[in-house]
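Residue numbers (the working numbering), protein chains in the order written: chain E, 315 to 501; chain V, 17 to 799.
Working notes, beginning with the structure itself.
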Amino acid sequence: MSLIAEPWQRAEVAGTKKALIINKPEIVAAMIKRAKRPILVVGHQVVETELSEGEKAIDRIIELAKTAEIPVVATAHIIKEFLNRGFNPSSHMSIMEIGSRLQAPDWTGLDGMGAYDLAIFVGIPYYMEWVILTGLKNFAQNLKTVSLDRFYQPHANWSFPNLPLQKWDEQLKLITNLLKEREEGTA
Amino acid sequence: MSFKNVRVKIDELKTRAALIKNLQLSIGNVMEETWEEHVGPTPFPSVTSLREWDMKLLKRYKPYYLPFCELCCLCTFGKCDLSEGKRGACGIDMAAQQSRIVLLACCIGAATHIAHARHLVEHLIEKFGRSHPIDVGGVHVKLEAPITRLVCGVRPKTLGDLEGILDYLETQVTHLLSATHTGQEGNNLDFESKVFHAGMIDHVGLEIADIAQVAAYGFPKADPEAPLVDLGFGAIDINKPVIMCVGHNVVPTVGIVDYIKSNGLDGQVEVCGLCCTAHDTTRYYPKAKIVGPISWQIRFIRSGVPDVVILDEQCIRTDALNEAQRIKAPVIVTSDKNCMGLPNRTGDPPDTIVDDLITGKVPGVLILDPELVGEVAVRTAVKVAPLRKKFKTLPETSDVISGAKLCRKCNNCKRVCPQDLDIPEAMETAANGDLSLLADLYEFCIGCTRCEHVCPVELPIHSFIVKAGEKQLKAEIFKIRSGRGAIQDTEIRNVGSPIVLGEIPGILAAVGCANYAKGGREVAEICMEFANRRYIVVTSGCAAMSAAMYKNGEGKTPYEMFTGNFEAGCIVNVGSCVTNSHIAGAAIKIASIFAKRNLRANYEEIADYILNRVGAVGLAWGAMSQKAASIASGFWRLGIPVIVGPHGAKYRRMLMGRKDREEDWYVYDARTGERVYVGPTPEHLFYAAETKEEAMVMIAKLCMRPNDTTKGRAIKLTHYIDLHKRMYGKIPDDIHMFVRTKADIPITMKDEILKILEERGWKETRIPDPTLLPRLIRRRKEE
Chain E
315 MSLIAEPWQR AEVAGTKKAL IINKPEIVAA MIKRAKRPIL VVGHQVVETE LSEGEKAIDR
375 IIELAKTAEI PVVATAHIIK EFLNRGFNPS SHMSIMEIGS RLQAPDWTGL DGMGAYDLAI
435 FVGIPYYMEW VILTGLKNFA QNLKTVSLDR FYQPHANWSF PNLPLQKWDE QLKLITNLLK
495 EREEGTA
Chain V
17 MSFKNVRVKI DELKTRAALI KNLQLSIGNV MEETWEEHVG PTPFPSVTSL REWDMKLLKR
77 YKPYYLPFCE LCCLCTFGKC DLSEGKRGAC GIDMAAQQSR IVLLACCIGA ATHIAHARHL
137 VEHLIEKFGR SHPIDVGGVH VKLEAPITRL VCGVRPKTLG DLEGILDYLE TQVTHLLSAT
197 HTGQEGNNLD FESKVFHAGM IDHVGLEIAD IAQVAAYGFP KADPEAPLVD LGFGAIDINK
257 PVIMCVGHNV VPTVGIVDYI KSNGLDGQVE VCGLCCTAHD TTRYYPKAKI VGPISWQIRF
317 IRSGVPDVVI LDEQCIRTDA LNEAQRIKAP VIVTSDKNCM GLPNRTGDPP DTIVDDLITG
377 KVPGVLILDP ELVGEVAVRT AVKVAPLRKK FKTLPETSDV ISGAKLCRKC NNCKRVCPQD
437 LDIPEAMETA ANGDLSLLAD LYEFCIGCTR CEHVCPVELP IHSFIVKAGE KQLKAEIFKI
497 RSGRGAIQDT EIRNVGSPIV LGEIPGILAA VGCANYAKGG REVAEICMEF ANRRYIVVTS
557 GCAAMSAAMY KNGEGKTPYE MFTGNFEAGC IVNVGSCVTN SHIAGAAIKI ASIFAKRNLR
617 ANYEEIADYI LNRVGAVGLA WGAMSQKAAS IASGFWRLGI PVIVGPHGAK YRRMLMGRKD
677 REEDWYVYDA RTGERVYVGP TPEHLFYAAE TKEEAMVMIA KLCMRPNDTT KGRAIKLTHY
737 IDLHKRMYGK IPDDIHMFVR TKADIPITMK DEILKILEER GWKETRIPDP TLLPRLIRRR
797 KEE
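Structure representation (C-alpha cells):
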C-alpha cells in the first residue's frame with residue numbers, strides 16, 4: 315500500500331515517535347493471534363460508516379471480533395446497535411472510561427484476570443482517538459495499541475495509513491479471513 | 017457595608033507647602049464587624065488554603081491525562097520531548113506538563129473574566145458613583161453575591177465595594193500564573209489544585225462582573241418573566257441600518273443604545289449582536305436582536321447585512337476586520353484587549369471620525385470611550401447604509417456551481433475541517449448543479465473557515481456552504497428569553513428541599529461555547545428532554561442561544577414551551593458567560609438558604625455539601641475556550657461535575673472516578689463518624705462524551721448524590737434506567753451500585769432490578785448524613 319502515512323487532520327502534528335504502518339493485513343492478524351490479553355474498543359462511527367448497500371462498518375467489525383474471539387467494548391451508545399445485530403459485546407463503557415481504565419496500572423480488565431497487552435481501536439472520532447492513544451502511549455507503556463480506523467493515527471503503535479473506504483473494507487475483510495484460516499489451521 | 021476599601025483620590029491640592037497632583041491613597045480590606053454571620057475558616061483564600069479539599073477531590077477523581085501535544089516549547093531549553101516517561105530539561109514530566117497547560121488555560125480564562133469585571137466596575141463607578149447600590153433582585157434576592165461571600169467572606173453593598181475584591185482576584189491570578197513558569201511547580205496534583213483555585217477565583221470574577229452590570233444598567237433582576245427577544249439571522253430587519261456588535265463586554269453597545277434613544281432614533285436603527293454581548297444587549301434593550309452563537313460571525317458579515325461592525329472583547333474573530341473590509345462595513349474596536357492595529361481616535365471629534373469611516377479613508381478605528389463609540393457607530397451606520405446597499409460577499413448559486421467545477425478533490429478542506437465534513441463529495445454534486453449536499457453541511461459547519469485557507473484553488477468554501485444553506489439561514493427566526501440574572505432566594509426556598517432530597521431529579525446547566533461536533537440542535541434536544549423530565553434546566557452563553565434554535569409543531573421555541581421560573585421542568589436562560597456565576601450561586605444558595613449552612617468564607621464545607629447533596633451537572637457541549645476551562649474548574653472545586661462534547665477531549669485532562677474501586681466511594685456519616693459506602697455518586701467530575709446519547713445517560717447518572725432520599729433516588733434511577741434503555745437498548749449494568757436499600761428501587765421496575773441485584777450479590781447499605789470532612793462529624797461512634 316503506497317498510501318500517505320500522515321495524520322488525517324492536517325494540524326495534528328505528532329510527537330517524535332509515530333505509529334508503524336499496517337501495510338499488510340497479516341500484521342494485525344499476527345498481533346491479535348500473538349496477544350495474550352487483547353481487547354477491541356469500538357466507537358460510534360462504525361454505525362455511521364456505510365461500506366456498501368445495507369452494510370456498515372459495524373457489520374465488518376462484528377465478523378472480525380467473532381472470528382478473533384476478542385472481547386469487545388462498545389463505546390458511546392452503540393451497544394444498542396450491536397445488540398440489534400445479535401452480537402453481545404463483553405462490555406459497554408464510554409471511551410473516556412475505557413481509556414482511563416487501560417491507563418490505570420491497577421485495573422485488571424473486564425474479567426478481573428489481569429491487564430491487557432493489546433488494545434485495538436476503531437470507530438472513535440479522529441481527534442478523540444488521537445488523545446486516547448497519546449494517553450496510552452505515555453502512561454500505559456506495556457500496552458500495545460493498534461488503530462484499525464481508515465485514517466492514520468500516529469500515536470498508536472500500529473495504524474493503517476489514510477485509506478479510501480473500499481480499500482479499508484478490503485483490509486478488514488482480509489484480517490478476518492486470515493484469522494479464520496489460522497483458526498481452521500489450528501483446528 | 018460588608019467590605020470596606022478606603023480610597024482617597026486628590027486630583028489637585030495646592031497648599032503653602034506643596035502642590036499635589038493625582039494623589040491616590042488606598043487602605044486595604046477591613047472585614048465588616050456588623051455582620052452577624054461569623055467569618056469562616058478561609059476568607060480571601062490563598063493558593064494553598066483549600067489544597068486539602070482539592071486533594072480529597074483528586075484522590076477520588078483522578079486526573080486522566082490525554083496529551084494533546086507531547087512536546088514542551090515554553091522555554092529555550094526546548095523543545096523537549098516528554099513522551100514515554102522522559103522528562104524535560106527543567107525536570108518536568110508529562111503529567112505535570114499537561115496539568116501545567118490546563119492551569120495556563122484556566123489562568124487565561126480567569127484573567128479574561130476578571131479583567132472584564134475590572135473594566136466594567138471602573139467604568140460603572142465613573143458613571144454611577146462608588147456608592148451606587150448592588151441590587152440584583154430587590155426584595156427577592158437578599159443574598160446578592162453568594163460566591164463572593166463564600167470565597168472572600170465579604171458582602172458587597174456598593175459598586176465601590178467591588179474594587180477591593182478585584183484587587184484580591186488579580187493578585188491570585190498573578191500567583192497562579194507565576195506557578196507555570198519554568199522551574200516552579202513540579203507536581204501534577206499541585207498543579208491541579210491550582211487549576212481549581214483559578215476556577216474558584218474566576219467564578220468570583222464572573223459574579224462581580226454581572227452584579228455590577230445588573231445593578232448599574234437595570235438588567236432584568238432575577239426576573240423569571242424577563243422579556244422574550246428575537247434571535248436568528250431571519251429576525252434582523254435588513255431594511256434598517258444594521259449595527260453588529262460582537263464580544264462579551266456590553267459597555268460600548270450600551271453607548272450605542274443610549275445614543276439611539278437620546279437622539280430619537282429608536283426603532284430606526286437595528287442593533288444586533290453575536291456571542292455574549294448580544295445577550296447583555298438584550299438585557300439592556302429588549303428591542304436588540306441576537307444573530308446567534310460565535311460561529312455565525314463570518315456568515316453574518318459575508319451576508320452583507322451589517323453596516324457597521326463593533327468589536328469589544330473575547331471570542332471575536334481576529335480576522336473580523338478583514339472580513340468587514342470585504343463588505344465595505346466600517347469597524348469600530350472598543351477594547352484595549354483588541355486594538356486590531358487601528359488608530360486610536362478616542363480624542364478626535366466625532367464628525368471627523370464619522371467622515372473618515374464613511375469615505376473609507378480608514379477601514380476602522382479604535383475608540384476607547386463608549387459614549388463616543390455610540391455616537392460614531394450610529395451616525396456612521398445611518399450614513400453608510402444607503403451607500404453600501406448591503407454589499408455582500410456571498411456568491412450567487414451560479415458562482416457556487418462554477419466554483420465547484422474547479423475543485424481538485426485534494427481532500428485538504430476535509431482534512432482541516434474540525435468536523436471532518438465531507439466537503440469534496442458536496443463539491444462534486446454541486447459541480448453538477450445539485451447544492452443539496454453542501455446545504456446539508458450548513459447545520460454542522462462551525463464557521464472556522466479553515467477549509468478556505470488550504471484550498472489550492474482558493475474557493476470560498478464557507479461562503480459556498482452558507483449560500484447553499486441560505487434558505488435555512490433566512491428561516492432562523494426564534495425567541496429566547498433574555499438573560500434573567502440571579503435566581504431568587506424564594507425560588508431557592510421552594511426547590512431546595514426537593515433538590516437535596518432528590519425529588520427534583522437534578523439541575524442541568526447547559527452552558528458554554530458553540531464548538532459542537534454535530535450542530536447546536538443537539539443542545540436544544542438535550543435541554544427539552546430534561547425539562548420534560550422535570551429537571552431544572554438552566555442555560556447561558558452560546559449554548560443558551562443554541563437551545564433557542566428549535567421550533568415545535570406549533571412553531572414555539574423551547575423558551576416559549578417551558579417556564580422561566582427556576583423550578584422543575586423549566587428552561588431558564590440566566591444570560592451571558594458571566595452569569596454562569598448565578599448557576600454556581602444557586603447551588604451555593606441551596607446550602608445557605610435551604611440548609612442554613614454558614615456561608616461566609618466557608619468554602620470547604622459548602623463544597624462538601626454541594627458534592628454530596630445537590631444533584632447538579634454542567635454540560636458544556638461545545639466548550640472551546642480557555643474561559644470555558646476556568647468556568648468548568650470553578651464548578652469542579654464546588655463538587656459539580658461537568659460534561660463536555662467530543663471536542664472537549666482536547667482539554668487534555670479529565671477527572672474520572674472509578675466505580676470499580678469500592679474504596680473510593682466511602683463518606684463519613686456526620687451523625688456517627690462511621691464510614692459508609694455510597695456508590696459512585698457522582699461518578700466523574702470532568703468527562704468528555706462521544707455522542708449526545710451518551711451525554712444524556714451520563715447527565716441522569718451524574719445527578720445522583722449520596723444524600724438522596726429513597727424516594728429521590730428512585731426518581732433519579734427511573735430517569736437513568738429509562739434513558740439507558742432508550743439510548744443503549746438495555747438496562748444499565750451498574751444499578752447495584754446505586755441502590756442502597758430496596759426502597760430505592762423504582763416501583764415499576766422492582767422485579768427486573770431485584771433479579772439483577774441478586775445476580776450481583778448486592779448488599780443493603782444505609783443512607784448517611786454524608787460528608788468527606790471529618791471535622792463535620794457531630795458525634796463519633798466510639799464516644
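Ideal placement from N, C-alpha and C gives every residue a C-beta, glycine not left out.
What does a CB cutoff of less than 8 Å around residue i pick up in its chain, not counting 5 residues either side in sequence?
i               : result
P411 of chain V : G419, P476, S479, F480, K483
I763 of chain V : A730
A845 of chain V : With chain V running from 17 to 799 in the structure shown, residue 845 of chain V is simply not present.
H469 of chain V : V432
What does a CB cutoff of less than 7 Å around residue i pick up in its chain, not counting 5 residues either side in sequence?
i               : result
L178 of chain V : V137, P172, I224, A228
I504 of chain E : Lying before the first or after the last residue shown, residue 504 of chain E is absent from chain E, which here runs from 315 to 501.
L492 of chain E : P339, E340, A343
A442 of chain V : L453, L454, L457
According to DSSP, residue i sits in a beta bridge with which residue or residues?
i               : result
P352 of chain E : E:L432
Y682 of chain V : V:Y693
F494 of chain V : V:L247
V287 of chain V : V:I259
C123 of chain V : In the DSSP output, where bridge partners are listed per residue, C123 of chain V has none listed.
K225 of chain V : Residue 225 of chain V is actually Ala in this sequence, not Lys. DSSP output for A225 of chain V lists no bridge partner at all.
T579 of chain V : V:C586
K458 of chain E : E:L432
G308 of chain V : V:L290
Count the other CB atoms within 10 Å of the CB of residue i; is the residue buried (16 or more) or exposed (fewer)?
i               : result
A491 of chain V : exposed
V400 of chain V : buried
K430 of chain V : buried
P468 of chain E : buried
S316 of chain E : Residue placement at S316 of chain E cannot be trusted, given a pLDDT of 46 that sits under 50; what the coordinates show is reported in the next sentence. So S316 of chain E ends up on the exposed side.
A617 of chain V : buried
P790 of chain V : exposed
G368 of chain E : exposed
S194 of chain V : exposed
K779 of chain V : exposed
V473 of chain V : exposed
Q480 of chain E : exposed
N265 of chain V : buried
H197 of chain V : exposed
P162 of chain V : buried
R399 of chain E : exposed
H663 of chain V : buried
D767 of chain V : exposed
Between which residues of its own chain and residue i is the CB-CB distance below 6 Å, once the five residues before and five after are set aside?
i               : result
F546 of chain V : L524, V553
W482 of chain E : R464
E799 of chain V : For E799 of chain V, the pLDDT reaches just 47, beneath the cut-off of 50, and the residue's location in the model is therefore unreliable, leaving the point undetermined.
Any Cβ of chain B within less than 7 Å of the Cβ of residue i?
i               : result
T422 of chain E : The structure shown contains no chain B; the protein chains it does contain are E and V.
### Where the region 425-443 of chain V meets chain E: residues whose CB sits under 8 Å from a CB there
N428, R431, V432, P434, D436
### Task
Identify every run of the alpha helix (DSSP H) within the region 404-460 of chain V, keeping only runs that are complete inside it and at least 4 residues long; order them along the chain.
413-420, 428-432, 439-447, 452-458
### Task
Any chance you could list the alpha helix (DSSP H) runs of at least 4 consecutive residues sitting entirely within the region 613-651 of chain V, in chain order?
619-629
### Task
Mind checking the region 344-374 of chain E against chain V and listing, in chain order, the residues whose C-beta falls within less than 8 Å of any C-beta there?
G357, H358
### Query
What residues from the region 698-728 of chain V come within 7 Å of chain E, judged by C-beta to C-beta, listed N to C?
Y703, A704, A705, E706, T707, E709, E710
### Ranges of the beta strand (DSSP E) found wholly within the region 318-368 of chain V, counting only runs of at least 3
324-327, 347-349
### Query
Closer than 7 Å, Cβ to any Cβ of chain V: which residues of the region 445-470 of chain E, in chain order?
V445, I446, T448, G449, K451, N452, F453, Q455
### Task
Could you name each continuous alpha helix (DSSP H) segment of 4 residues or more that falls completely within the region 478-561 of chain V, going from the start of the chain to the end?
486-490, 505-516, 537-548
### Query
Which residues, in chain order, does the region 394-416 of chain E contribute to contact with chain V at a C-beta distance below 9 Å?
K394, E395, F396, L397, N398, S405, H406, S408, I409, M410, E411, G413, S414, R415
### Message
Extract the residue ranges of the alpha helix (DSSP H) inside the region 317-388 of chain E, only unbroken runs of 4 or more that lie entirely within it.
### Response
339-348, 359-362, 371-382
### Query
Which ranges would you report for the alpha helix (DSSP H) in the region 106-185 of chain V if only whole runs of at least 4 residues count?
110-144, 162-168
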